[in-house]
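Residue numbers for the sequence shown follow the working numbering, beginning at 11 and rising by one.
Don't be surprised by glycine CBs; every beta carbon is placed ideally from N, CA and C.
Working notes, structure below.
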Amino acid sequence: MAWFGGSYKEFDFEMFSVSHFVIIALLFIISAGVFFNREKLKRGNWRKVEIAAAISLVLFEAMYHIWMMVNGNWNVSHAIPLELCSISLFLTVFLLLTKKKIIYEILLFTALLGASQAIFTPLLNFEFPHFRFFHFFYTHLMMIWTVLYFTWVKGYRPTIWSVVKLFVFLNVMMPIIMVINKLVDGNYMFLSHKPKSPSLLDVLGPYPYYIVSMEGLVITLSLLVWLIFREKDEIKRGITVQ
Numbered sequence: 011m012a013w014f015g016g017s018y019k020e021f022d023f024e025m026f027s028v029s030h031f032v033i034i035a036l037l038f039i040i041s042a043g044v045f046f047n048r049e050k051l052k053r054g055n056w057r058k059v060e061i062a063a064a065i066s067l068v069l070f071e072a073m074y075h076i077w078m079m080v081n082g083n084w085n086v087s088h089a090i091p092l093e094l095c096s097i098s099l100f101l102t103v104f105l106l107l108t109k110k111k112i113i114y115e116i117l118l119f120t121a122l123l124g125a126s127q128a129i130f131t132p133l134l135n136f137e138f139p140h141f142r143f144f145h146f147f148y149t150h151l152m153m154i155w156t157v158l159y160f161t162w163v164k165g166y167r168p169t170i171w172s173v174v175k176l177f178v179f180l181n182v183m184m185p186i187i188m189v190i191n192k193l194v195d196g197n198y199m200f201l202s203h204k205p206k207s208p209s210l211l212d213v214l215g216p217y218p219y220y221i222v223s224m225e226g227l228v229i230t231l232s233l234l235v236w237l238i239f240r241e242k243d244e245i246k247r248g249i250t251v252q
């Protein structure tokens, strides 16, 4: 069962390899398919598919934690689902199950900004066909496809207040995760120090100033996402408080 093992010697992932390009191609092909078939999809009843997708994400995440435990990799310092993409995964499940607009408003930004970056520049050691390869890319792809589905098929749209809600969400969550990092000697959301590998954080200043820079960058990019996905007449008719 090497495909479920803890060693990546036989499955050493290489960025922009054939398997990585296949995943990127899938991202664009299925996203385009949802967009160009949105009117046809609107006429269907996809509730069972939505619930099945939510269950599949829970099962994949449960199997991921089992995989870490089986291979002796589970540790409270890094295995608690407190990374932004882990939080986005649970938001995806909740959105699929509840269809709550406020969940969509936060997930739209965290998925399109966080999960997309993870797909293009993955922090991943395991290559196809290892379990971790499937878990990593399936969960991140589903975050993006879910918010695009809710945007183009279900008709959900962000407002400028959605950016405000994201800002509040991040700033309520941030001090909590900082405390947890101190207690478990962790680095969730890179709030304790920068990652050892090269990253965008390297150009955002030293610790702890890069945290402020990172937050400013997230808000700036979120405004860009809002401009792209908002109702086109929102500015003309004025901002509606949700």
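Decide if residue i is buried, meaning its Cβ has at least 16 other Cβ atoms within 10 Å, or exposed.
i: Ile-34; result: exposed
i: Thr-161; result: buried
i: Thr-149; result: buried
i: Ile-129; result: buried
i: Pro-185; result: exposed
i: Phe-31; result: exposed
i: Val-103; result: buried
i: Ile-238; result: exposed
i: Phe-26; result: exposed
i: Leu-122; result: buried
i: Gly-226; result: exposed
i: Ala-72; result: exposed
i: Val-228; result: buried
i: Ala-64; result: buried
In angstroms, rounded to a whole number, what distance separates the CA positions of residue i and residue j?
i: Glu-93; j: Glu-24; result: 23 Å
i: Ile-39; j: Phe-46; result: 10 Å
i: Leu-67; j: Val-174; result: 28 Å
i: Ser-87; j: Val-235; result: 32 Å
i: Lys-192; j: Phe-14; result: 32 Å
i: Glu-137; j: Gly-16; result: 12 Å
i: Ser-172; j: Val-157; result: 14 Å
i: Lys-242; j: Arg-167; result: 10 Å
i: Met-199; j: Tyr-219; result: 15 Å
i: Ser-223; j: Ala-125; result: 20 Å
i: Leu-231; j: Leu-106; result: 25 Å
i: Gly-196; j: Leu-118; result: 27 Å
i: Ile-187; j: Ile-90; result: 11 Å
i: Arg-53; j: Leu-151; result: 24 Å
i: Ile-249; j: Leu-210; result: At Ile-249 the pLDDT is 49, less than 50, meaning the model places this residue with poor confidence; the figure from the coordinates comes in the next sentence. Spanning the two alpha carbons is a distance of roughly 33 Å.
i: Ile-170; j: Lys-111; result: 14 Å
i: Leu-233; j: Leu-36; result: 26 Å
Where does residue i fall in DSSP's three states?
i: Asp-195; result: coil
i: Phe-26; result: coil
i: Ile-249; result: Reliability of the predicted coordinates at Ile-249 is poor, the pLDDT of 49 falling under 50, and the value obtained from them is presented with this limitation in mind. It is coil, neither helix nor strand.
i: Phe-21; result: coil
i: Phe-138; result: coil
i: Met-79; result: helix
i: Gly-43; result: helix
i: Tyr-74; result: helix
i: Arg-225; result: A small correction: the amino acid at residue 225 is Glu; Arg does not occupy that position in the sequence shown. In the structure shown, Glu-225 sits in a helix (DSSP, three-state: H, G or I).
i: Tyr-217; result: coil
Which residue from the options puts its Cα closest to that of residue i?
i: Arg-142; options: Phe-38, Asn-81 and Lys-206; result: Asn-81
i: Pro-132; options: Gly-15, Phe-14, Met-11 and Asp-22; result: Asp-22
i: Tyr-18; options: Val-189, Lys-109 and Asn-135; result: Asn-135
i: Val-178; options: Pro-168, His-140 and Ile-116; result: Ile-116
i: Ser-41; options: Val-163, Ser-29, Arg-53 and Tyr-114; result: Val-163
i: Ile-97; options: Tyr-114, Thr-169 and Pro-216; result: Tyr-114
i: Phe-100; options: Asn-83, Trp-84, Asn-85 and Thr-120; result: Thr-120
i: Gln-127; options: Phe-144, Met-153 and Leu-106; result: Met-153
i: Ser-202; options: Val-213, Tyr-217 and Leu-210; result: Tyr-217
* Asked: Along the chain, which unbroken stretches of the beta strand (DSSP E) at least 3 residues long are found entirely within the region 106 to 193?
  -> Residue ranges of uninterrupted beta strand (DSSP E) with 3 or more members are absent from the region 106 to 193; none lies entirely inside it.
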